[in-house]
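Chemist: Protein chains in written order, with the working numbering: chain A, 519 to 912; chain B, 519 to 912.
First, the structure itself, so that you have it in front of you.
There are 2 protein chains.
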Amino acid sequence: MNNFSYNVTARSGHGRAHCAIIETPHGCIETPNFIFCATHGAIKGATMDQIKATGAQFVLGNTYHLWLQPGPDVVERHGGLQRFTGWQGPMLTDSGGFQIFSLGYGGVVDEIKGKKDQSARPHSLLKITEDGAFFRSYIDGTLCFLSPERSVQIQQKLGADFILPLDECTPFHMKKEETAASMQRSHRWEARSLQQFFTTYNAQQRMYGIVQGGVYEDLRRESIDFVNSQPFFAQAIGGSLGGSKQQMYDVVDFTMRYLVQDRPTHLLGIGGLRDILEGVQSGVDTFDCVHPTRIARHGCALIAKPEAEFAKEHINLKNKIYREDFSPIDPECDCYTCRNFTRSYLHHLFKAKESTGGLLLTIHNARFMVRWMESIRRAIREDRWATFYKQHRG
Amino acid sequence: MNNFSYNVTARSGHGRAHCAIIETPHGCIETPNFIFCATHGAIKGATMDQIKATGAQFVLGNTYHLWLQPGPDVVERHGGLQRFTGWQGPMLTDSGGFQIFSLGYGGVVDEIKGKKDQSARPHSLLKITEDGAFFRSYIDGTLCFLSPERSVQIQQKLGADFILPLDECTPFHMKKEETAASMQRSHRWEARSLQQFFTTYNAQQRMYGIVQGGVYEDLRRESIDFVNSQPFFAQAIGGSLGGSKQQMYDVVDFTMRYLVQDRPTHLLGIGGLRDILEGVQSGVDTFDCVHPTRIARHGCALIAKPEAEFAKEHINLKNKIYREDFSPIDPECDCYTCRNFTRSYLHHLFKAKESTGGLLLTIHNARFMVRWMESIRRAIREDRWATFYKQHRG
């Protein structure tokens, strides 16, 4: 019995934007959709039933963090991440590579991916060889080694529905020759990851391939050809996406033009509202980013334009203009927070340093992302994507 | 129409332990019961619907904190604390005095009440006069003045069902003459509080009286006579309860012997399981304490003996013995946390510094307190309180 399938259910006229259903042993994912980040196996500050109640369908855990704490054996003995974390729906784990390399190379990858606050951490990457990467644990400084094989073995123990092969994450500032060499090593690592995946095959899991190649079209083509040729269930767009939003949209669009279309495609680490709009237009199925839940903990609520401040996609409830604002974040939002609380109350919670404020905004931002993805799917299904896209592109 | 009433519904044989119903405009409280602390108008790290789901019936807010942030006007313009905080059930506010005086006198009151970590704060109490207390705001150092009248006016704006009169909270180390003088001033302040209460009367609120007198029986008698003689709806036991658990039980029992029995009685700031058992035995209706929710955030789960560590009433899930403990905190507990998560997962969350751990333990500890109070009420109703009391006294 095959518990996994991918079926396109609607297309936007002549474009690549589409709706699809990804079937997994833990339920279905309607795409386009957003994956929420449960780095250590928890959505920070919230419970999984609160996230489920927003309509979220898909959650990821980070292999790097879960490997070091609590360790894959503990998760395996629970029967996998779903049993461990209480999230009953589909899950994905990454390879662990992104954290190791971004910590190692420093701020550049973080900058591109919008994860600036990791750049302050000490550089813990020691050495990359053909075998894999040596680094020090951020917890206790222990010497660790991650190879493609080990990453797959760890992810098999973690037991998420979807796993990623180890790839090298190269920063934007890298020269073309270096990017090419790194990409080719990533392809060898992905092939080894696949081999390990099939050697210790678990019918309850499927593997994504990852397209590298930085901002160079010829390298992207080479990487696309590699990924297209390998027996991956799905595919992800990784690596540097450039130095500007427009360059990112161009790289993604170029990549989507050549990737096979009978597999779900994930855009790694990207989750701005406009970014998602452009990704969907290019044919991407899923997106992930810590952004919606991270900004929630810092007092920021996602909100539809034009109210969002300074062309951002959110308002900052710590701003004193909300002190006596007795309206909800969004009167049209049906989340627990908007149904029950004023901006004034939320402002108060952040002023009083009450972490309930972060929780209430996490609920709102999660629900906002769910509704944003729903509105995108509805527009595609109802054959008005072109209008929707133009309207929201602004 | 009178929205408030107090009716005893069951008594334990010849003793003072009893069940009662306190009716308020926001619903009924079954007693004996526990009041959860929402200091700034939120149960730290949780949402009010999560607390409601545990079966909690009664929540308090702290006037001192809510006065300084967001200010009573903001709460009033929401229509009161219930609308502001999203807690739809009965609420109580204190007078603000406890925080001002305990911050002022330093650690001694905190010590008695088990609130040690406040003693590290700077002493901000400047001066106590017959009029009231001058102190500095802990937020911005502003000079503030709290009088009995102002405390009532603030609490009328906050709009909780129950309010407390301003009293002076004297520490255990105070001499008898000083305790007597302070108590007499508290009586004058309580009388002024009552006068203000009736002058600006709000039919949706009722006032508690507070018994002072420290550990001195003759002073307690004098204070009881005062409280019994005044038109309070309910009564609370305040002031120093002594230097040991046994002394506290004795002071409470002595006080309860003479307080009128047609009013609900609250024991201020006390909430240990054994303390509650003794309080109920003496005839107390309600208890409050930050303990269950505070220890939750530090990794401690309330649990029935004999497993609780070192004669404590909890286990500390940060302890490495729980790393691979795949059982729930309590297999007989029906809370969200116990139904879905292992001790191993909770241990992991605290190791990984994920605040979801504190939230999950807050849910468990709140449910534990609710079940503890339910089991006490059931024992009284089913006429087996004497046995229950002996059994749990240990």
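Cβ atoms here follow ideal geometry from the backbone N, Cα and C, with glycine treated the same way.
Does L644(B) come within less than 8 Å of chain A when only Cβ atoms are used?
Modeler: Here residue 644(B) refers to the residue found at position 126 of the second sequence. For L644(B), the answer is no, since every Cβ of chain A falls outside 8 Å of its Cβ.
Chemist: Go through its chain and collect everything with a Cβ distance to Y776(B)'s Cβ below 6 Å, but skip five positions before and after it.
Modeler: Position 258 of the second sequence, counted from the first residue, corresponds to residue 776(B). Excluding residues within five positions, the ones whose Cβ falls inside 6 Å are I742.
Chemist: Enumerate in chain order the residues of its own chain whose CB-to-CB distance from L644(B) is below 6 Å, with the five nearest sequence positions on each side excluded.
Modeler: Here residue 644(B) is taken as the residue at index 126 of the second sequence, counted from 1. Excluding residues within five positions, the ones whose Cβ falls inside 6 Å are F652, F653.
Chemist: Run down chain B in chain order and give the residues with a C-beta less than 7 Å from the C-beta of E872(A).
Modeler: Taking the first residue of the first sequence as position 1, residue 872(A) is located at position 354. Going along chain B in sequence order, the residues near E872(A) (Cβ under 7 Å) are H558, A560, K562.
Chemist: Quick one: using the 10 Å Cβ neighbour count with 16 as the cut-off for buried, is G568(A) buried or exposed?
Modeler: Locating residue 568(A) in the first sequence gives position 50, counting from the first residue. Note that residue 568(A) is Gln in the sequence shown, not Gly. Flag for Q568(A) reads buried.
Chemist: Using DSSP with H/G/I as helix, E/B as strand and the rest coil, what is T804(B)?
Modeler: For this step, residue 804(B) is matched to residue 286 along the second sequence. The answer is strand: DSSP assigns T804(B) an E or B state.
Chemist: For H784(A), which of helix, strand or coil comes out of DSSP?
Modeler: By 1-based counting over the first sequence, the position of residue 784(A) is 266. The answer is strand: DSSP assigns H784(A) an E or B state.
Chemist: What residues in its chain sit with their C-beta under 6 Å from that of N883(B), if we drop five residues either side in the sequence?
Modeler: Position 365 of the second sequence, counted from the first residue, corresponds to residue 883(B). These residues qualify, in order along the chain: P810, A814, L820.
Chemist: For Q575(B) versus I539(B), is the C-beta spacing smaller than 8 Å?
Modeler: Taking the first residue of the second sequence as position 1, residue 575(B) is located at position 57. Taking the first residue of the second sequence as position 1, residue 539(B) is located at position 21. Result no, Cβ atoms of Q575(B) and I539(B) do not sit closer than 8 Å.
Chemist: Using Cβ-Cβ distances below 8 Å, what residues of the segment 568-599 of chain B are close to chain A?
Modeler: Here the close residues are Q568, H583, Q587, P588, V592, R595, H596.
Chemist: Counting only C-beta atoms, is N858(A) closer than 8 Å to chain B at any point?
Modeler: Taking the first residue of the first sequence as 1, we reach residue 858(A) at position 340. So yes, N858(A) belongs to the interface.
Chemist: What is the rounded straight-line gap between the Cα of F751(B) and the Cα of V808(B)?
Modeler: Translated into positions along the second sequence, residue 751(B) becomes position 233. Translated into positions along the second sequence, residue 808(B) becomes position 290. If I take the Cα positions, the gap works out to 25 Å.
Chemist: Whose C-beta lies closer than 6 Å to the C-beta of G817(A) among residues of the same chain, with five residues either side of it excluded?
Modeler: Along the first sequence, read from residue 1 onward, the residue named residue 817(A) stands at position 299. Same-chain partners within the cutoff: N834, L835, K836, F868.
Chemist: Thinking just about the alpha-carbon of each residue, which of I839(A), V593(A), S800(A), P689(A) is nearest to the one in Q674(A)?
Modeler: Counting from one through the first sequence, the residue named residue 674(A) turns up at place 156. Selected option, being the one with the closest Cα: V593(A).
Chemist: How close, in whole Å, do the beta carbons of H784(B) and D771(B) come, if the pair is a contact with beta carbons under 8 Å?
Modeler: Counted from its first residue, the second sequence places residue 784(B) at position 266. Counted from its first residue, the second sequence places residue 771(B) at position 253. Their Cβ separation, rounded to whole angstroms, is 16 Å, which puts H784(B) and D771(B) out of contact at 8 Å.
Chemist: Rounding to the nearest angstrom, what Cα-Cα distance links G632(B) and E686(B) in this structure?
Modeler: For the purposes of this step, residue 632(B) is taken as residue 114 along the second sequence, with counting starting at 1. For the purposes of this step, residue 686(B) is taken as residue 168 along the second sequence, with counting starting at 1. Because the pLDDT at G632(B) is just 43, under 50, the model does not fix this residue reliably, and the value given afterwards should be weighed accordingly. Near 18 Å, if we compare the C-alpha coordinates of E686(B) and G632(B).
Chemist: Suppose the cutoff is 6 Å on Cβ atoms and the five residues either side in sequence are ignored; what does the same chain contact list for P782(A) look like?
Modeler: Reading the first sequence from its first residue, position 264 is the one you call residue 782(A). Excluding residues within five positions, the ones whose Cβ falls inside 6 Å are Y524, I540, A752, D803.
Chemist: When you compare the CB of L867(B) with every CB in chain A, is at least one pair closer than 8 Å?
Modeler: On the second sequence, position 349 is the one that residue 867(B) refers to. For L867(B), the answer is yes, since a Cβ of chain A falls inside 8 Å of its Cβ.
Chemist: DSSP three-state label for F690(B), please.
Modeler: Along the second sequence, one-based indexing puts residue 690(B) at 172. Of the three classes helix, strand and coil, the one that applies to F690(B) here is coil, per DSSP.
Chemist: From this set, P689(B), A560(B), N551(B), which residue's C-alpha is nearest E872(A)'s C-alpha?
Modeler: Residue 872(A) sits at position 354 when you count from the first residue of the first sequence. The residue with the shortest Cα to Cα distance from E872(A) is A560(B).
Chemist: Going by the CB atoms, is the gap between R895(B) and C537(B) shorter than 8 Å?
Modeler: Taking the second sequence and counting its residues from 1, one reaches residue 537(B) at position 19. Taking the second sequence and counting its residues from 1, one reaches residue 895(B) at position 377. Yes, these two residues count as a Cβ contact at 8 Å.
Chemist: To the nearest angstrom, how far is the alpha carbon of H596(B) from that of K838(B)?
Modeler: In the second sequence, the residue the question calls residue 596(B) occupies position 78. In the second sequence, the residue the question calls residue 838(B) occupies position 320. Their backbone Cα atoms lie some 46 Å apart in a straight line.
Chemist: Put A897(B) into one of helix, strand or coil per three-state DSSP.
Modeler: Here residue 897(B) is taken as the residue at index 379 of the second sequence, counted from 1. Here A897(B) sits in helix by DSSP.
Chemist: My assumption, with CB atoms under 8 Å, is that S700(A) sits in contact with G614(A). Please give the rounded CB distance.
Modeler: On the first sequence, residue 700(A) is found 182 positions in, with the first residue counted as 1. On the first sequence, residue 614(A) is found 96 positions in, with the first residue counted as 1. Between G614(A) and S700(A) the Cβ distance is about 17 Å, and since that is not below 8 Å, they are no contact.
Chemist: Using a Cβ cut-off of 8 Å, pull out every chain A residue sitting near T565(B), in sequence order please.
Modeler: By 1-based counting over the second sequence, the position of residue 565(B) is 47. In chain order: Q568, Y854, T874, L877, L878, I881.
Chemist: With respect to the beta strand (DSSP E) encompassing V577(A), which residues constitute its N-terminal and C-terminal limits?
Modeler: One-based indexing of the first sequence puts residue 577(A) at position 59. Looking at the DSSP string, the run of the beta strand (DSSP E) that includes V577(A) is 577-579.
Chemist: I need the boundaries of the beta strand (DSSP E) containing T549(A), first residue and last residue.
Modeler: Numbered from its first residue, the first sequence carries residue 549(A) at position 31. Unbroken beta strand (DSSP E) run through T549(A): 545-549.
Chemist: On the three-state DSSP scale, how would you describe Q702(B)?
Modeler: For the purposes of this step, residue 702(B) is identified with residue 184 of the second sequence, where counting begins at 1. Helix at Q702(B).
Chemist: For E594(B), which of helix, strand or coil comes out of DSSP?
Modeler: Translated into the one-based positions of the second sequence, residue 594(B) becomes position 76. Helix at E594(B).
Chemist: Taking CB distances under 8 Å as the criterion, tell me whether Y863(A) reaches chain B.
Modeler: Mapped onto the first sequence, residue 863(A) falls at position 345. Yes, contact with chain B.
Chemist: For my contact list, F906(A) and L878(A) are in at a C-beta cut-off of 8 Å; report their separation, rounded to the angstrom.
Modeler: For this step, residue 906(A) is matched to residue 388 along the first sequence. For this step, residue 878(A) is matched to residue 360 along the first sequence. At roughly 29 Å, the Cβ-Cβ gap does not stay under 8 Å, so F906(A) and L878(A) are not in contact.
Chemist: Ignoring anything shorter than 4 residues, give me the alpha helix (DSSP H) runs that lie fully in the segment 717-802 of chain B, in order along the chain.
Modeler: The qualifying runs are 735-747, 763-776, 791-800.
Chemist: Residues bridged to N834(A) by DSSP?
Modeler: Numbered from its first residue, the first sequence carries residue 834(A) at position 316. DSSP lists C818(A) as partners of N834(A).
Chemist: Since A678(A) is in the alpha helix (DSSP H), which residue starts that stretch and which ends it?
Modeler: Along the first sequence, one-based indexing puts residue 678(A) at 160. Where A678(A) is concerned, there is no enclosing alpha helix (DSSP H), given that its DSSP letter is neither H nor E.
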